[in-house]
Every structure is written in C-alpha cells, then in structure tokens.
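Here this note's numbering is used: the first residue of the sequence shown is 7, the next is one more, and so on.
What follows is a single structure, written as structure tokens, with notes after it.
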Amino acid sequence: MMKKLYKFSAIAAVLMSASLASCNHEEADIFDQNAAHRTEEARKMYKEILLDKGGKWQMEYFTTEEEHGYVYLFSFRNDGTVTISGNNEYITKLTNIDSNVPSYGSETSMWTILSDNGPVLSFNSYNTIFHLFATPEDIPGTERDEQGYGHSGDYEFDLMKFSNDTLYLEGKKNGAEIIMTRIAPEIDDETYLNEVVALADSFFNAKVPAVYVNLPGGYRHVVLDGATQLPKFYPETGDYITEYVGRNAIITHDGFTLGKPLTLRDSIDGNDYTIQHFIRQKDGSLLCTDDNRITITADALNKVVGDERLLWRVNAADCKGELGTAFAGLNTGFKAYNGSSLVHFNIGLNVLNNTKSPYTMVVRIKTKRGSYLNMSVPYTVEYIGKDEIKFVLGEMDSNMKTFIDKVPAFKTMMNKLASSTFKCSSNSLIAPVNMVLTDSSDASSALGISIQ
C-alpha cells in the first residue's frame with residue numbers, strides 16, 4: 007500500500023507571495039484566494055485525521071531542552087471537546103506542592119484547528135492537566151525562579167506533516183518538536199499511563215549501577231541518570247567530568263526517545279553513530295530504530311552478579327532442583343540443630359567488612375532466644391564467557407564451620423556453590439534486578455537472587 011504523506015509548507019506560500027509582489031492587484035487577490043483555500047483544505051484534512059479511527063492519540067510532549075518529556079493522551083471528539091490525560095509529578099503538585107510522586111489526572115476541554123499561515127492545532131480552553139506547562143508561573147519544587155515563563159511549554163502547535171499514523175508538530179511559540187501517535191480507542195488512559203510511569207524502573211533501575219549504549223564496533227558509552235529522563239552519556243574509557251553529553255528524553259509505552267539526536271564515536275571501528283529512538287525488546291533491552299544494531303543494556307549478566315557494589319539475596323520461591331531442596335532444608339536443619347531459623351542468605355557486597363575480600367556469602371539466622379547470628383565466607387569470582395560465573399570460596403568463619411558440620415542441608419548447599427559453574431539469566435538485560443543462577447551441568451537446579 008502506498009504510504010500517504012500530507013505536508014503543508016507555510017514557507018513556500020510566503021516565497022510565492024513575495025515573488026508576485028510586482029503583479030497587479032487582481033492577480034494577487036486570485037493567489038490569496040488559492041492560498042486561503044489550500045489552508046482551509048489542510049485544516050479540514052487534519053481535523054479528519056485527528057478524529058479518524060476513534061480519535062485517540064499519544065503525544066510525546068516536550069517544553070525545553072532542559073526538561074524531560076511527558077506522555078499525554080488525547081481523545082478528540084467532533085463536537086470540539088477533547089479529554090486530556092497525563093501522569094506526572096506536576097499534576098500531583100496541583101494539589102500537593104511538596105510531593106514529587108507522579109499521579110494521574112484527566113480533564114475535558116476544547117480543541118480546534120486554526121488557520122494561521124498553515125493549520126494550527128489549538129487547545130483553546132484552559133485544561134488544568136495540560137496547560138500547566140504553558141502558564142508563565144514559577145515551577146513548584148525547583149530552586150530557580152521561573153516566574154514569567156514557567157516551563158515554557160506550548161498549547162498551540164503547527165501541524166507539519168502526517169505519515170503512518172504519526173503527526174509531526176512544532177510548538178507555535180517555543181518551537182519544540184513534538185510527535186503524536188494514533189493509539190487504540192479502547193485503551194484505558196489511567197492503566198496505560200501508570201504502565202508508562204512504571205517503565206522508568208524497568209528501563210533504568212537505580213539498583214543497577216551501570217547501563218551502556220553498545221555500538222556496532224564493540225565500543226560502549228556509559229548512560230547515567232536514565233530514570234530521570236535527563237540522561238548523560240560518556241565514553242566507557244573516557245572521563246565523565248570532561249566528556250559527558252546530556253540530553254533530555256522521554257520514556258513512552260514502547261520505548262525511550264531522546265529530545266534530539268546524539269552522535270557517539272565507536273573507538274574500536276572509528277565510526278560515528280547517531281542515536282535518538284529506542285524501542286523495548288522482549289529481552290528487556292532497548293534497540294535503536296535509527297540503526298537497528300545499537301542497543302542499551304546493563305553489563306554482561308555474569309559481571310552484574312559479580313559487581314562488587316551489589317548485594318544479592320537468595321529467594322526461596324525461585325530456587326529449584328538440588329539447590330532448591332538444599333535451600334529449603336536450611337530452615338528445617340537449623341531448627342532441628344538448635345531451634346534457630348534462617349533469616350536470609352546474601353551473596354555479594356561485603357557489608358560485614360570482616361575480610362579483605364570484596365565479596366562474602368552471609369547466612370543470617372535468628373536463635374531461639376531472639377538474637378541474631380551471622381555466618382560468612384569470603385569468595386572471589388571467575389567469569390566464563392558473558393553469562394557464566396563460578397564462586398571460589400575462601401576460609402569459612404568459625405560460626406559457619408560449626409554449623410556446616412551440624413546441618414547436612416547447609417553443607418550440601420555450600421559444597422554445591424563451591425563446585426558448580428552457574429549460568430546467569432534474567433528477564434531484563436537492561437535492569438537485571440532479578441536473576442536466576444542455573445547449574446551449568448544440571449538445568450533443573452537453580453537459585454533465584456535479587457539485588458537488595
């Protein structure tokens with residue numbers, strides 16, 4: 007099917023008008039009538055587009071380059087009304103100025119398409135949920151005084167073109183480039199927008215210390231502060247202070263988009279690559295649709311497990327096979343030995359700081375008297391490929407040595423941890439806060455772990 011592309015150019019009209027300045031008055035009137043007719047036809051066309059197929063649209067709304075984008079939903083009606091829905095912290099501040107937690111809001115107001123050197127989408131009656139970005143008032147919760155200009159957002163937009171269910175707009179006053187995408191009319195606004203807010207953690211989780219742009223030649227750039235939607239990028243082997251580049255961005259229901267394109271150098275193949283639009287993949291990674299080779303992910307999964315900054319906890323519900331049996335037997339074994347009970351089993355960051363090793367496995371139990379006892383063993387890690395890890399256990403402390411001989415399931419588990427190579431897997435390559443460590447020699451045996 008041939009793609010339809012509708013485009014209106016105000017510039018062309020201005021140039022044609024200037025070229026006819028020497029023509030007589032009658033000819034100028036004829037041209038003006040034709041231009042007005044074309045503008046009216048474009049206005050009607052865009053109205054039909056906005057109302058077509060249920061009239062529901064998602065807007066990726068930007069104000070300035072210093073502020074991240076916001077997702078808004080619009081339900082247009084032929085009677086001139088529109089329902090606008092959003093979910094962000096400034097909607098919250100309308101009723102609770104001290105809160106920074108996003109909340110949902112929806113309000114119905116008026117809309118129209120004006121003719122002004124081209125078609126203009128105007129939300130021409132005040133909508134509390136949307137116009138808050140266009141009012142020239144001081145922004146609540148910031149240190150700066152924005153009185154007189156506020157967020158510097160727009161509520162009227164030049165309609166530039168339409169292609170493949172996407173409208174391209176430009177803020178009439180401040181010039182921000184904005185897109186609107188048609189969505190299914192049956193979508194529930196609140197559910198949809200709540201899911202968008204939740205994606206900030208699934209894309210850029212604060213518990214994961216490092217996320218990377220992976221370029222085709224093999225070089226990586228670090229991404230910081232992605233969850234704020236004001237990410238900073240710098241070369242992995244470079245210097246953050248002198249080399250970082252910032253962008254504003256927006257997290258949508260389908261992915262992650264930078265406000266403007268960003269060019270990154272691959273120091274391995276020597277090429278420059280430009281990125282802007284990313285979509286979410288089934289493995290949780292973000293794929294750059296400008297290139298279809300560039301991704302955003304966390305580090306290799308085994309290196310995430312072995313990151314010295316992270317503390318992991320074993321989850322009983324996600325353990326299975328021999329390891330699951332051994333872990334389930336810990337609590338029974340401790341109670342049978344001296345009436346104690348398992349509190350948790352941690353792997354990773356040496357929070358006890360009781361050895362020189364950056365890693366410890368710590369088993370914490372609660373005695374029948376109500377006191378707590380920690381048993382620990384330091385370890386180092388060996389990486390095998392990109393997804394396998396081996397724990398090399400060191401000298402156990404005296405508490406662990408005592409219990410290891412008294413609780414058979416405990417001994418079985420520690421022996422299994424010491425002798426096995428584990429394959430690391432996660433349902434998200436960008437935010438692997440939950441992992442499964444599967445015994446490489448026995449796929450039925452695994453531990454489930456989560457970042458604390």
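Cβ atoms here follow ideal geometry from the backbone N, Cα and C, with glycine treated the same way.
The alpha helix (DSSP H) with residue i in it runs from where to where?
i: histidine 137; result: 134 to 137
i: methionine 420; result: 414 to 425
i: glutamate 201; result: 195 to 209
i: phenylalanine 333; result: 327 to 344
Following the continuous beta strand (DSSP E) through residue i, name the residue where it begins and the one where it ends.
i: methionine 367; result: 365 to 372
i: lysine 309; result: Premise fails: lysine 309 lies in the alpha helix (DSSP H), 307 to 311, not in any beta strand (DSSP E).
i: lysine 178; result: Note, lysine 178: premise wrong, no beta strand (DSSP E); not H, not E.
i: glycine 454; result: 452 to 457
i: arginine 375; result: Looking at the DSSP string, arginine 375 is not in any beta strand (DSSP E), and its letter there is neither H nor E.
i: asparagine 352; result: 347 to 355
i: glycine 445; result: The sequence given here places aspartate at residue 445; glycine does not occur at that position. Segment 440 to 445, the beta strand (DSSP E) holding aspartate 445.
i: isoleucine 462; result: Lying outside 7 to 458, the shown extent of the chain, residue 462 is not represented and no answer is given.
i: serine 169; result: 162 to 169
i: threonine 187; result: 183 to 188
How big is the Cα-Cα spacing for residue i and residue j?
i: leucine 336; j: glutamate 192; result: 50 Å
i: serine 447; j: threonine 427; result: 8 Å
i: glutamate 328; j: alanine 415; result: 10 Å
i: asparagine 298; j: leucine 268; result: 15 Å
i: valine 387; j: asparagine 93; result: 43 Å
i: lysine 392; j: threonine 418; result: 27 Å
i: lysine 326; j: tyrosine 240; result: 41 Å
i: alanine 332; j: serine 169; result: 59 Å
i: asparagine 180; j: leucine 173; result: 18 Å
i: glutamine 458; j: glutamate 54; result: 52 Å
i: methionine 402; j: isoleucine 247; result: 42 Å
i: leucine 165; j: glutamate 201; result: 28 Å
i: asparagine 440; j: glycine 124; result: 52 Å
i: leucine 26; j: methionine 51; result: Residue placement at leucine 26 is flagged as unreliable, the pLDDT there being 36, under the threshold of 50; the coordinate-derived value follows with that caveat. Those two C-alpha atoms are separated by around 27 Å.
i: histidine 31; j: isoleucine 103; result: Caution is warranted here: a pLDDT of 39 is assigned to histidine 31, below 50, making its placement in the model unreliable, and the coordinate value is therefore given only provisionally. So the alpha carbons of these two residues sit roughly 59 Å apart.
i: proline 364; j: threonine 187; result: 49 Å
i: alanine 342; j: tyrosine 389; result: 37 Å
i: valine 413; j: asparagine 308; result: 30 Å
One question on the structure: do residue i and residue j come within less than 7 Å of each other, judged by their Cβ atoms?
i: glutamine 64; j: isoleucine 189; result: yes
i: leucine 317; j: asparagine 352; result: yes
i: leucine 221; j: tyrosine 279; result: yes
i: glycine 223; j: isoleucine 185; result: no
i: isoleucine 371; j: valine 349; result: yes
i: threonine 98; j: valine 88; result: no
i: aspartate 272; j: tyrosine 225; result: yes
i: arginine 315; j: serine 456; result: no
i: isoleucine 395; j: valine 311; result: yes
i: glycine 252; j: phenylalanine 68; result: no
i: asparagine 113; j: threonine 141; result: For clarity, residue 113 is glutamate in the given sequence; the question names asparagine instead. No.
i: glutamine 235; j: histidine 74; result: yes
i: lysine 429; j: threonine 444; result: yes
i: serine 109; j: arginine 49; result: no
- Query: Counting pairs of Cβ atoms below 8 Å between the segment 251 to 270 and the segment 192 to 208, do you hit three or more?
  - Reply: Flag = yes, the segment 251 to 270 and the segment 192 to 208 touch.
- Item | Continuous beta strand (DSSP E) assignments of at least 3 residues falling wholly in the segment 225 to 269 | Contiguous beta strand (DSSP E) elements confined to the segment 225 to 269 occur at 226 to 230, 238 to 241, 255 to 257, taking only those with 3 or more residues.
- Item | In chain order, each beta strand (DSSP E) run of at least 3 residues that lies wholly inside the segment 57 to 116 | Note on the segment 57 to 116: whole beta strand (DSSP E) runs with a minimum of 3 residues are 62 to 67, 76 to 82, 87 to 94, 109 to 116, in chain order.
- Message: Three or more C-beta pairs under 8 Å: does that hold for the segment 70 to 89 against the segment 109 to 117?
- Response: Output reads yes: the segment 109 to 117 touches the segment 70 to 89.
- the segment 282 to 302 / the segment 434 to 446 touching (three or more Cβ pairs under 8 Å): By the Cβ test, the segment 282 to 302 is in contact with the segment 434 to 446, since at least three Cβ pairs between them sit closer than 8 Å.
- Do three or more CB pairs link the segment 159 to 168 to the segment 128 to 136 at distances below 8 Å? Using a Cβ-Cβ distance cut-off of 8 Å, the segment 159 to 168 and the segment 128 to 136 are in contact, since at least three pairs of beta carbons, one from each stretch, lie closer than that value.
- Continuous alpha helix (DSSP H) assignments of at least 4 residues falling wholly in the segment 383 to 418: The qualifying runs are 404 to 412.
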